[in-house]
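Colleague: Protein chains in written order, with the working numbering: chain A, 1 to 388; chain B, 1001 to 1383; chain C, 2001 to 2167. Beta carbons are placed, not taken as given, at the ideal position from N, Cα and C, and that holds for glycine. None of these values were measured; they are calculated from a predicted model.
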């Protein structure tokens, strides 16, 4: 295909906290400064900036990307914000990829920031406005409705029990105990803890969910020859794909994320992957709710439909299993500052593939990973394949 | 990658002060159908990517990208939003094609300004929550502040600003898509109510509703399609700081840098002689003058004089906003940049009807995201 | 990579309650009057008259609810109005004990996706269930719309108060 090769050469992030003292701008700056430090680059060497951040209603600033520009290092530079709701964190590196692959730029800084905590009375309330303004909002809907509705559809189709799904929450929260930025890491959590937690919107219980979080992550992208000068271990973006389904979510089959499969097909094709189950060594699917990890693993075609729960129960997706899934601890363990959470997964693959993931390191010299995010009204899948 | 990217189809719906008969989806479907028919493509099969420009608080819906696919034919396709101007979305589409990732990409932006009841409050909501917003000043004051600074620095006169309004509203009379064409004189403009001195009401572009869709393709694919392609020779975009306390109030750096990048990509060394005409943001009349200088189409302090001399009229040596600009067409919020590009495309194709410029080969379209931003984008197009 | 994690300062709710932290509050005045357009305008009009209406695409043959003037799958204008019934089956549902602003509820709200009779298969709409024991709700349950009295209907999705099980 003759596409220009683009690599991730550096990454940095903030701690993920429930409520940061820092403003959104400061969070962006913290992540960017760590990312630049990680590859010893300066802002002068950055040709353009890509911002990813989810609803303006959280930070409480309209045209949020403009306000965040200074913290993102975008002063005087070409700067653009891409937006696909929760899918943004994995879409942003794809956006950065085509900035560099277009030939217009040699380096690109990708920043994802989320400060959800300002919204009052509770950040959840902001999700009320994602529903159709005329046909749905008058019903007083709540984000938990759609998750619970989708979870129920998935459980119903395959005859799953809460226990099968809670295993994901346990795995990820335990994995996160080894992530230095994590908010919700817990080395001792059990399935029973999850099943005993408060019911929010049946079948969703409190420990099935990743809560509101503030945080930011940044990565540096560079074109081929530049990447090799910056670091001896560039990690290549080998495939990207994204797909947005119809707004009419109630007209769709919610038990299978077709939009994730469509995105994955495109990413795998670009990466030249024919057998993802053999060629992917680590997966970081989006896990804002435990059932979503399973749902997405199937959409990524890493397991047959309805089979991801069994694979989890067999330990295949543990860090030392055949296909480690969310070795970072995922959103359930590290936290869920929406767009930043997706980019956290990209950063995780970066560190894992370089052997720099410390206590979270997946053994066996993994060479290829896939990160995926999701968002909107059960609608968008964004997929990035990285390799060395 | 050395692929050439072309605009192969354009379609629009509007532009009108109100559009109560159509939802935004229906408006966009109309614009898209026209663009696709012109290009001879089926969005379900011939398009690899779709990009829209939209802001949540302009729509009144969070995560607005959820509602973008259906009316463009992009349900279950690679689609995303850019929270920026339509010209930023165009740049994103350009990069996807230039990289070789995609061959055909659709771009969309729209305005339902008439549906936003509290636009000033929402615009103020874009200001810094700690340092700026608590002052609770109508954000149009920021334009007044900037205009005052430029006047005090002697960059132009009030009369010259008024002449911009006269020119653009008059140009709009020859544009069947324009919502705010009028035959008025400078006196009327100067004597209209002061909104934020020295800005008078008629110096600020009124709003309009509408939708614009464009189809971009690499030149090889374009040859196989219908329609008259217009080549994107150069593209650039840039931000200055958003902070009111440290931004450059005089020079519109975002415009200067956007154009520098666009000219560099286009291989243009002497913009004044190589650009035949331009569609330049005039959300406020004085902005056209400030932008012309930042875009290197006029020397510092010269834009107002050129305007007074008639050089930027349709029959002048450098026509500016022959379609009417925001002042004449109406400000279309996030679709303004595409409205500028649309006029350039129609002119280059020879399809501008009564307002057709003679012998134009290269045009510049430049947009600004409006108060309180320092964000803009530029594109150089040739036939 | 520990050194690449910035030590961001986390605050507690107490810090705010005890005014240990300075903060700004703002209430944004964000008001809209959305044009419903042809399709949804008719949908709301029909609701006011106690009916549910959809649109049919002759090409894919789907009867779509909510109605739309163009078929998003075929990308062509839709062809005719079709009234659908106010009965259907529960495709999926949830029992929600938390309101949109996180206030805890004693009795759950029961949102559901309901496939309407007369519309194409899988053409569900979002609504709520009522007059039903939460424990008895099942996927596949047959339900019937409960309409507000005509005088109280305003042309809104809430002209249907809720759907209840058909005995």
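Looking at C-beta atoms only, is the number of pairs between the region 2002-2016 of chain C and the region 359-369 of chain A that lie closer than 8 Å three or more?
Modeller: no
Colleague: Note the first and the last residue of the continuous beta strand (DSSP E) segment covering residue 81 (chain A).
Modeller: 79-83
Colleague: Bridge partners of residue 2144 (chain C), per DSSP?
Modeller: C:2087 and C:2164
Colleague: Using a C-beta to C-beta distance shorter than 7 Å, which residues of chain B count as neighbours of residue 99 (chain A)?
Modeller: 1095
Colleague: Contact check, residue 1055 (chain B) vs residue 63 (chain A) under 8 Å by CB: the rounded distance?
Modeller: 6 Å
Colleague: Determine the direct distance from the alpha carbon of residue 114 (chain A) to that of residue 13 (chain A), and round the result to whole angstroms.
Modeller: 12 Å
Colleague: Taking the runs of the alpha helix (DSSP H) that are 4 residues or longer, which of them lie wholly in the region 1048-1125 of chain B?
Modeller: 1056-1059, 1086-1098 and 1119-1124
Colleague: Can you check whether the CB of residue 1217 (chain B) is closer than 8 Å to the CB of residue 1097 (chain B)?
Modeller: Cβ atoms of residue 1097 (chain B) and residue 1217 (chain B): closer than 8 Å.
Colleague: What ranges does the alpha helix (DSSP H) occupy inside the region 2015-2082 of chain C, keeping only unbroken runs of at least 4 residues that lie completely in it?
Modeller: 2037-2048
Colleague: Helix, strand or coil: which one does DSSP assign to residue 166 (chain A)?
Modeller: helix
Colleague: Could you tell me which chain C residues have their CB closer than 8 Å to the CB of residue 1112 (chain B), listed as they occur along the chain?
Modeller: 2034 and 2035
Colleague: Taking C-alpha atoms, which residue in B:1285, B:1226, B:1236 and B:1122 lies nearest to residue 1061 (chain B)?
Modeller: B:1122
Colleague: I'd like the ranges of any beta strand (DSSP E) spanning at least 3 consecutive residues and lying wholly in the region 97-129 of chain A.
Modeller: DSSP runs (the beta strand (DSSP E)) wholly in the region 97-129 of chain A: 107-115.
Colleague: List, from N- to C-terminal side, the alpha helix (DSSP H) runs of 4 residues or more that fit wholly inside the region 1173-1225 of chain B.
Modeller: Counting whole runs of 4 or more residues, the region 1173-1225 of chain B contains the alpha helix (DSSP H) stretches 1186-1191 and 1219-1224.
Colleague: Do you know how far the Cα of residue 58 (chain A) is from the Cα of residue 2140 (chain C)?
Modeller: Computed Cα separation, rounded: 37 Å.
Colleague: Cβ closer than 8 Å: which chain A residues qualify as neighbours of residue 1253 (chain B)?
Modeller: Within 8 Å Cβ-Cβ: 76.
Colleague: What in chain A is Cβ-close to residue 1238 (chain B), meaning under 8 Å?
Modeller: 76, 77, 78 and 79
Colleague: List, in order along the chain, the chain B residues whose C-beta lies closer than 7 Å to that of residue 247 (chain A)?
Modeller: 1066, 1067, 1069 and 1070
Colleague: So residue 333 (chain A) and residue 172 (chain A) are supposed to be a Cβ contact under 8 Å. How far apart are they, rounded?
Modeller: Going by Cβ atoms, the distance from residue 333 (chain A) to residue 172 (chain A) rounds to 4 Å, so yes, they are a contact pair.
Colleague: Are the region 342-357 of chain A and the region 235-250 of chain A in contact at 8 Å, needing three or more beta carbon pairs?
Modeller: yes
Colleague: Using only alpha-carbon positions, find the residue among C:2160, C:2084 and C:2030 that is nearest to residue 2054 (chain C).
Modeller: The option with the nearest alpha carbon to residue 2054 (chain C) is C:2084.
Colleague: Leaving out five residues on either side along the sequence, give the residues of the same chain with a beta carbon under 7 Å from the beta carbon of residue 1070 (chain B).
Modeller: 1025
Colleague: Would you say the beta carbon of residue 1021 (chain B) comes nearer than 7 Å to a heavy atom of the ligand NAD?
Modeller: In the structure on display, the ligand NAD does not appear, and there are no ligands present to speak of.
Colleague: Would residue 2080 (chain C) pass as an interface residue toward chain B - the criterion being a Cβ-Cβ separation below 8 Å?
Modeller: False, the Cβ-Cβ gap to chain B never drops below 8 Å.
Colleague: Which one of B:1139, B:1178, B:1375 and B:1134 has the shortest CA to CA distance from residue 1323 (chain B)?
Modeller: For the set B:1139, B:1178, B:1375 and B:1134, the Cα lying nearest the Cα of residue 1323 (chain B) is the one of B:1178.
Colleague: Measure from the C-beta of residue 2127 (chain C) to each C-beta in chain A and report whether the shortest distance is under 8 Å.
Modeller: yes
Colleague: I'd like to know whether the C-beta of residue 51 (chain A) is nearer than 8 Å to at least one C-beta of chain C.
Modeller: no
Colleague: Do residue 1154 (chain B) and residue 1166 (chain B) have their beta-carbon atoms positioned less than 8 Å apart in this structure?
Modeller: no
Colleague: Identify the contact partners of residue 1139 (chain B) in chain C, using a Cβ-Cβ distance below 8 Å as the criterion.
Modeller: None at all; the shortest Cβ gap to chain C is about 13 Å.
Colleague: What's the gap between the Cα of residue 2096 (chain C) and the Cα of residue 2103 (chain C)?
Modeller: About 11 Å.
Colleague: Using a Cβ-Cβ cut-off of 6 Å (strictly less than) and excluding sequence neighbours within five positions of residue 1353 (chain B), which residues of its own chain qualify?
Modeller: none
Colleague: Do residue 35 (chain A) and residue 72 (chain A) count as a contact pair if the criterion is CB distance below 8 Å?
Modeller: No.
Colleague: Output needed for residue 1233 (chain B): all residues of its chain with C-beta closer than 6 Å, excluding positions within five of it in sequence on either side, in chain order.
Modeller: Non-local C-beta neighbours of residue 1233 (chain B) in its own chain, meaning closer than 6 Å and more than five positions away in sequence, comprise 1266, 1380 and 1382, ordered along the chain.
Colleague: Which chain A residues sit within Cβ distance under 8 Å of residue 1265 (chain B)?
Modeller: 104
Colleague: My guess is that residue 243 (chain A) and residue 380 (chain A) are in contact by the Cβ rule of under 8 Å, so how many angstroms apart are they, rounded?
Modeller: 7 Å
Colleague: Could you give the uninterrupted runs of the beta strand (DSSP E) lying entirely in the region 1275-1311 of chain B, keeping only those of 3 residues or more?
Modeller: 1277-1280
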